[in-house]
Amino acid sequence: MKLRSLSEKDLELVLSWRNHSDVKKWMFSLDNITLENHKRWFISCQDNPAKKLYVLDTGKDICGFIQFDLSGDPENPNIEWGFYRAPDSPAGSGTLLLKLALQKAFVELNANKVIGKVLSYNLASRHVHEKLGFEQEGLLKRHHFLLNDYYDVYCYGLTKQHWKKG
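Residues -4 to 161, numbered by the numbering used here, are exactly what the sequence shown covers, in order.
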């Protein structure tokens, strides 16, 4: 399995995952995304050097998606990530996606730090961040409005130095 850049031929499948109820419930937006809007977003990301989009490719199909948003020093950026896996993906594919993404971030993109923001009720994502060595760096209390209520947002960070020790 390997990470590769998201291509136009992947868009419909990745969109179907994003709009699936088992994926969407963990997102910061619960809106269904149209294919037209998804294609528009993809084009805007291609034109933006601070956005990197990848899929986890098994050799037969794809089973996960990750987005990097780069900021700070272009030679040594901070990267905020967002990710999801296909609803029917095999157990362990999410962790593999993230391990490969950390390798890409720290080795290929020379990242200073990877940042994850997680809604308080997404216990699986909080757990995987901690399992991968991320430290909780902050808690934004009652920060994100969703489903007629405010939810806490956990802020995680993993520096290159800490990742190398891992």
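Ideal placement from N, C-alpha and C gives every residue a C-beta, glycine not left out.
Being a predicted model, the structure only gives us computed values, none of them experimental.
Cα-Cα separation, residue i to residue j
i	j	result
Ser88	Gly59	8 Å
Asp17	Trp36	22 Å
Met(-4)	Arg137	38 Å
Residues of its chain near residue i, where Cβ-Cβ distance is below 6 Å and the 5 sequence neighbours each way are ignored
i	result
Cys150	Lys112, Glu132, Gly133
Gln98	none
Residue i beta carbon near the ligand FMN (any heavy atom closer than 7 Å)
i	result
Ile28	The ligand FMN is not part of this structure, which contains no ligands at all.
Residue i versus the options, residue with shortest Cα-Cα distance
i	options	result
Gln156	Glu31, Asp17, Asn71	Asn71
Val109	Tyr116, Leu25, Asp52, Glu125	Glu125
Asp147	Gly161, Asn107, Asp64, Trp21	Trp21
Gln62	Asp68, Leu51, Lys55	Leu51
Glu130	Asn117, Gly152, Leu142, Leu141	Gly152
Leu1	Asn27, Glu31, Leu142, Ile38	Ile38
Phe100	Gln41, His139, Phe140, Gly77	In the sequence under discussion, the amino acid at residue 100 is Ala, which differs from the Phe named in the question. Comparing Cα positions, the closest option is Gly77.
Gly161	Asn143, His139, Leu141, Gly128	Gly128
Residue i - containing alpha helix (DSSP H), residue span
i	result
Lys155	155 to 160
Leu95	88 to 98
His124	118 to 126
Cβ neighbours of residue i in the same chain (closer than 7 Å, five flanking residues each side left out)
i	result
His33	Leu6, Leu10
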